[in-house]
Amino acid sequence: MSNQDTEGSKCVEERPKWNNKAEYLLTCIGFAVGLGNVWRFPYLCQIYGGGAFLIPYFIALVFQGLPLLYLELAIGQRLRTGSIGVWNSISPYLGGVGIASLVVSFCVSLFYNTIVAWVLWYLFNSFQEPLPWSQCPLNINNTGFEEECVESTPVNYFWYRETLNISPNIETSGSLQWWLVVCLATAWCIVYICFIRGIETIGKAVYVTATFPYLVLTIFLVRALILPGATDGLKHLFTPKWDILLNPQVWLDAATQIFFSLSLAFGGLISFSSYNHQKNDCERDAIVVGVINSATSIYASIPIFAILGFKAHTNFVTCLNDNILALTNDFEISDMNITIDNYDQWFDYLNTTHTEKVSNLHLKTCNMQDFLDQSASGTGLAFIVFTEVVISMPASQVWAVLFFIMLFSLGLSSMFGNLEGVLSPIHDLKLIPEWIPRELFTAIICTVSFLVALIFTMGSGNYWLEIFNGYVGSVPLLIIAFFETIAVVYVYGIRRFSDDLEFMTGRRPNIFWKVCWLVISPLMLLVVLVAYVAVQIQTNPTYPAWNPKYEKFPNTEVQPYPDWVFAICVLLSSVPVMSIPMVAIYRLICRLAGRRSTSSSPELPNLYDNEGYIVDS
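Residues 1260 to 1876 (our numbering) are what the sequence shown spells out, left to right.
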């Protein structure tokens, strides 16, 4: 800390600082660049016409993502406190916004680190020869293979049965799976070790967790581009389907993707920026983090689509070979030499001369585009699609290990931001007794999180994880971001905020930033929020259940949520943000009762001294 910062009462408290700018940027990039860049963005590109999806995506980045990112980094750096302290400083009526961010960060960290635990489980199993998801296991009597595996695939069996041991529906809880409990405990221990001394240890860990994924992605890029069918996958990615832009759902998903991808409204970015020096150029930081995040999504999509093209090519060739075998065995023609290259000609000829006979063979429909259109997102892309593809690749163990180490690094660096969004506000509010050291309190939070997250290691755990992901990580974040924008621009004041930016960066914000903050960003957030809620209201919430007794197994059985589960879904969407009106009402009651605290004035009369530094209120 400099002497200038510590003189008199120029700082609210003695805050730690980043050792250097690289650690700060890598931490922010690691928090923003997460698992969603590798599996959700490629999925959206696939179902929404490849290159066409990039248009609404970049519009959302420019007019929603970057302005909100700049706002969070700037306000955290200026007020130098966590999310609760920031909004309390701006107005006591807005203290609930910070509490909402804390609750969301805590809930998201629960299921996010469970995904990291799944990654660890697959990583441990990737060292086996052969890979355990490459073949079906024998049944209990060693008289044949497991029936469930034979009816589905070894990949599906390993995921749903060997990993999750999933129950047939969400109402059947099942027992704790000990291997997942061990992996979850390991994941939380690793997070704790990296977080034990706050930004001092995080800053060292991100040198690995934030950079290693790019090394692995580059290795995969080189390998994937030489796989058969890779060009088909890339054409599928970059060939736009313009008519799909008429679908409003495309614009809705693009807006939410860029919002969640940048990790806005979690409070972690505000906390990270609060450890900066007051004179740091936060505008440049926002642009760097935002551009790198989006560029990473595109960069990751190239090897992913090349691999999906390889998978589609393999399935297409297998399909044709099965048809060729059927035709060859059934037709006794001396000069018949059917190959993949001349299959279409032979099929047309035989279908014309022996129509009924060909029809009775029930040949498969082999269409390359259909195989390319077979999409999978989230856990399906990582734990089903990729694990199926890697079996067909030479040195499959090496590629499996690299892939899951990459996912582990992405998940771990994002967990730093989630946990920081919980710990920093609590420390800033001085809610921890002085006799409890920071290391011990961090251990308590990690232990509590581990115990609560045990629900995700049960037989129904995957169903609950999808609920948390879909309801905690959606509407609450949109509401929080909307109130953040309103708080800074209309309560704190755009003129005062512009003065702060000039003090920190040496220049006032240009007209683009001001228009976005004043009109475009809050309006886009409001439209996306209303549209999202409207879409959810019009549909009955369902979930895919893995049920071996389902008549169409191995297809998943689409089941509606029971009423009591749907009630929990509503609670998960509403409870995190209930603190916003509750705190405002409480403050108003205190004011009317004449018990308003002198340290919580919405006018901020003594927030800065003559030199622009924060003083004690």
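A virtual CB, placed ideally from N, CA and C, is assigned to each residue, including glycine.
Model, not experiment: these values are computed from the prediction.
Out of curiosity, what's the CA-to-CA distance linking residue i and residue j?
i        : j        : result
Leu-1622 : Cys-1705 : 56 Å
Leu-1474 : Thr-1573 : 27 Å
Glu-1542 : Val-1834 : 33 Å
Pro-1301 : Lys-1494 : 13 Å
Leu-1258 : Leu-1523 : Outside the displayed range of the chain (1260 to 1876) lies residue 1258, so it cannot be described from this structure.
Phe-1312 : Pro-1653 : 33 Å
Ser-1261 : Phe-1675 : Bear in mind that the predicted position of Ser-1261 carries a pLDDT of just 38, short of 50, making it unreliable; the figure below should be weighed with that in mind. Roughly 27 Å separates the two Cα atoms.
Phe-1365 : Gly-1732 : 11 Å
Lys-1570 : Tyr-1751 : 53 Å
Phe-1590 : Arg-1420 : 42 Å
Phe-1290 : Ser-1672 : 6 Å
Ala-1879 : Cys-1625 : Because residue 1879 is not part of the residues shown, which for the chain are 1260 to 1876, the question remains open.
Asp-1629 : Leu-1713 : 39 Å
Ala-1565 : Ala-1483 : 6 Å
Lys-1811 : Ala-1804 : 12 Å
Val-1748 : Leu-1285 : 28 Å
Ile-1517 : Leu-1320 : 6 Å
Ala-1281 : Leu-1528 : 15 Å
Ser-1832 : Asn-1728 : 10 Å
Thr-1764 : Asp-1540 : 5 Å
Asn-1279 : Thr-1460 : 13 Å
Gly-1720 : Val-1378 : 15 Å
Leu-1476 : Val-1648 : 16 Å
Arg-1846 : Ile-1358 : 14 Å
Tyr-1307 : Asn-1552 : 20 Å
Ala-1333 : Leu-1760 : 7 Å
Arg-1855 : Pro-1351 : Because Arg-1855 carries a pLDDT of 45, less than 50, the predicted location of this residue cannot be relied on, and no value is offered for it.
Tyr-1283 : Val-1547 : 12 Å
Trp-1380 : Phe-1663 : 9 Å
Phe-1825 : Leu-1369 : 20 Å
Cys-1578 : Asp-1600 : 13 Å
Secondary structure at residue i, three-state DSSP: helix, strand or coil?
i        : result
Ala-1746 : helix
Phe-1404 : strand
Leu-1397 : strand
Gly-1549 : helix
Gly-1309 : coil
Gln-1508 : helix
Pro-1326 : helix
Tyr-1809 : coil
Ser-1522 : coil
Leu-1303 : helix
Arg-1766 : coil
Gly-1853 : coil
Gln-1878 : Lying before the first or after the last residue shown, residue 1878 is absent from the chain, which here runs from 1260 to 1876.
Lys-1623 : coil
Ile-1643 : helix
Lys-1773 : helix
Arg-1339 : coil
His-1572 : helix
Leu-1831 : helix
Gly-1344 : helix
Gly-1357 : helix
Ile-1753 : helix
Arg-1543 : helix
Pro-1391 : coil
Gly-1293 : coil
Asn-1415 : helix
Pro-1315 : helix
Identify every residue that forms a DSSP beta bridge with residue i.
i        : result
Pro-1819 : Thr-1801
Leu-1586 : Paired residue(s): none; Leu-1586 is not in a bridge.
message: Closer than 8 Å is the cut-off here; do at least three beta carbon pairs connect the stretch 1783 to 1801 with the stretch 1693 to 1703?
response: Remark: fewer than three beta-carbon pairs, one from each stretch, lie closer than 8 Å, so the stretch 1783 to 1801 and the stretch 1693 to 1703 are not flagged as touching.
message: Taking contact to mean 3 or more Cβ pairs, one atom from each stretch, closer than 8 Å, check whether the stretch 1739 to 1749 and the stretch 1405 to 1425 are in contact.
response: Per the Cβ contact rule, the stretch 1739 to 1749 is not in contact with the stretch 1405 to 1425 (fewer than 3 Cβ pairs under 8 Å).
query: Where in the stretch 1651 to 1734 do unbroken runs of the alpha helix (DSSP H), each at least 4 residues long, occur, reported from the N-terminal end onward?
result: Correct list: 1655 to 1687, 1697 to 1712 and 1720 to 1730.
task: Mind the definition here: the stretch 1335 to 1353 touches the stretch 1807 to 1821 only if three or more C-beta pairs lie below 8 Å; say whether that holds.
output: Taking 8 Å as the limit for Cβ pairs, the verdict is that the stretch 1807 to 1821 does not touch the stretch 1335 to 1353.
field: Inter-stretch contact (C-beta, 8 Å, three-pair minimum) for the stretch 1287 to 1305 and the stretch 1483 to 1493
entry: When Cβ pairs closer than 8 Å are counted between the two stretches, the stretch 1287 to 1305 is seen not to touch the stretch 1483 to 1493, the count staying below three.
query: Is the stretch 1677 to 1696 touching the stretch 1425 to 1434 in the sense that three or more CB pairs, one from each, lie closer than 8 Å?
result: Contact fails: fewer than three Cβ-Cβ distances are below 8 Å.
field: Contact between the stretch 1438 to 1454 and the stretch 1520 to 1535 (3+ Cβ pairs under 8 Å)
entry: No, because fewer than three Cβ pairs between the stretch 1438 to 1454 and the stretch 1520 to 1535 fall closer than 8 Å, the two stretches do not touch.
message: Tell me whether the stretch 1357 to 1377 and the stretch 1547 to 1564 touch, counting them as touching only if at least three CB pairs, one residue from each stretch, are closer than 8 Å.
response: For the pair of segments examined, the stretch 1357 to 1377 was found not to touch the stretch 1547 to 1564: the number of CB pairs separated by less than 8 Å stays below three.
query: Is there contact here, the stretch 1786 to 1801 with the stretch 1766 to 1775, by at least three beta-carbon pairs under 8 Å?
result: With the cut-off at 8 Å, the stretch 1786 to 1801 and the stretch 1766 to 1775 do not touch.
message: Give the list of continuous alpha helix (DSSP H) stretches no shorter than 4 residues that lie fully inside the stretch 1421 to 1506.
response: If we require 4 residues or more, the alpha helix (DSSP H) runs fully inside the stretch 1421 to 1506 come out as 1437 to 1454, 1458 to 1468, 1471 to 1483 and 1489 to 1497.
- prompt: Looking at C-beta atoms only, is the number of pairs between the stretch 1646 to 1660 and the stretch 1383 to 1391 that lie closer than 8 Å three or more?
  reply: Segments in contact, yes.
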